[in-house]
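Colleague:
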Amino acid sequence: MVKRIKKTVKNKPTRERKKIIVIGTEGNNKTEVQYFRNLERQQSQYRFIFAQGNETDPIKILKNTIHRSREEELSFKNGDMSLSVFDLDLDISKVPQLDEAKKLAKKDNTCIITSNPCFEIWYLEHFGYTSKSFSNSRELIRELKKHIPDYQKNTCDFKLLFPLTDQAIKNCKSLDEHHCMNSEEIAFEFSNPRTDVYKIIEKILFERGDNK
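Going by the numbering used here, the first residue of the sequence shown is number -5, and it counts up by one from there.
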């Protein structure tokens, strides 16, 4: 009887596992989902997964995000991320909700990404720095339409926006610096306008130079 000898291949390259980003957003708002789906195609190291749910309450959005992150068994030490993305809508009554959300997020390694009044401030900063305050989201969108005339909520003109990403990040950083110098007694996140979106975009695209 001839004994078979298994052949082993030394130094065979293994396919590197993509890091995972779980993203929870407001259920009635597809703006963020469309943007992040397009962003996923522009880089190679992350796979995006969206938490299911139709919530608008920050705590419920966060809990949906945490639940999906646990299902995916994220490895944070290996670079996976969990993001809960929602608007503050200039609503100071959300301060207690945001404080509670921060406590829950810290326990489960989830990052809270807020925009005030809404996600579209991230879009607007692509076209030039502005620290102009807005009375509501509709006013901000009217300002955005000066640059994207046919813009509608829940849409994303990604081809127009993406080449301007680096400038948008710089403008948002300047906006945060502006609010740091001129902040009052309200929570910093409720400064009008501001957004955390640039922080995660910078990490996704530029920490290893994967932008195309």
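Built from N, CA and C at the ideal position, the CB exists for glycine as well.
(1) What is the DSSP secondary structure of Ile195, counted as helix, strand or coil?
(2) Taking Asp51 as the reference, give the member of His173, Ser78 and Lys153 with the closest Cα.
(3) Return the residue from the list Met75, Asp83, Glu66 and Phe44 that minimises the CA-CA distance to Ile115.
(4) For the putative contact between Tyr117 and Leu138, defined by C-beta atoms under 8 Å, what is the C-beta separation to the nearest angstrom?
(5) Which parts of the region 89 to 161 are runs of the beta strand (DSSP E), unbroken and 3 residues or longer, counting only runs that do not cross its ends?
(6) Note down the Cα distance separating Arg41 from Lys88, rounded to an integer number of angstroms.
(7) Lys57 lies in the alpha helix (DSSP H); which residues open and close that run?
(8) DSSP three-state label for Arg11, please.
(9) Put Thr25 into one of helix, strand or coil per three-state DSSP.
(10) Here's the rule I'm using: 16 or more other beta-carbon atoms within 10 Å means buried, otherwise exposed. How should Arg64 be labelled?
(11) Here's the rule: buried if 16 or more other CB atoms are within 10 angstroms of the residue's CB, otherwise exposed. What is Thr149?
(12) Looking only at its own chain, which residues have a Cβ that is under 8 Å from the Cβ of Met(-5), when we skip the five neighbours before and after it?
(13) Say whether the region 97 to 116 touches the region 47 to 61, bearing in mind that this needs 3 or more beta-carbon pairs closer than 8 Å, one atom from each stretch.
(14) With distances taken Cα to Cα, identify the nearest neighbour of Ile142 among Arg31, Leu33 and Leu155.
(15) Return the first residue and the last residue of the beta strand (DSSP E) that Phe80 is part of.
(16) Taking 8 Å as the threshold (C-beta atoms), are Ile194 and Ile107 in contact?
(17) Decide if Ile60 is buried, meaning its Cβ has at least 16 other Cβ atoms within 10 Å, or exposed.
(18) Identify which residue in Asp151, Lys12 and Asn58 has its Cα closest to the Cα of Asn248.
Modeller: On the basis of the supplied data:
(1) helix
(2) Ser78
(3) Here the closest residue by C-alpha is Asp83.
(4) 6 Å
(5) 104 to 110
(6) If I take the Cα positions, the gap works out to 31 Å.
(7) Pro52 to Glu65
(8) coil
(9) helix
(10) The residue in question, Arg64, is exposed, as its Cβ has fewer than 16 Cβ neighbours within 10 Å.
(11) exposed
(12) Only weak support exists for where Met(-5) lies, its pLDDT of 49 falling under 50; the coordinates are left without a value.
(13) yes
(14) Considering only alpha carbons, the answer is Leu155.
(15) Met75 to Asp81
(16) yes
(17) Looking at its Cβ environment, which holds 16 or more other Cβ atoms inside 10 Å, Ile60 is buried.
(18) Limits of the chain in this structure are -5 at one end and 206 at the other, which puts residue 248 out of reach.
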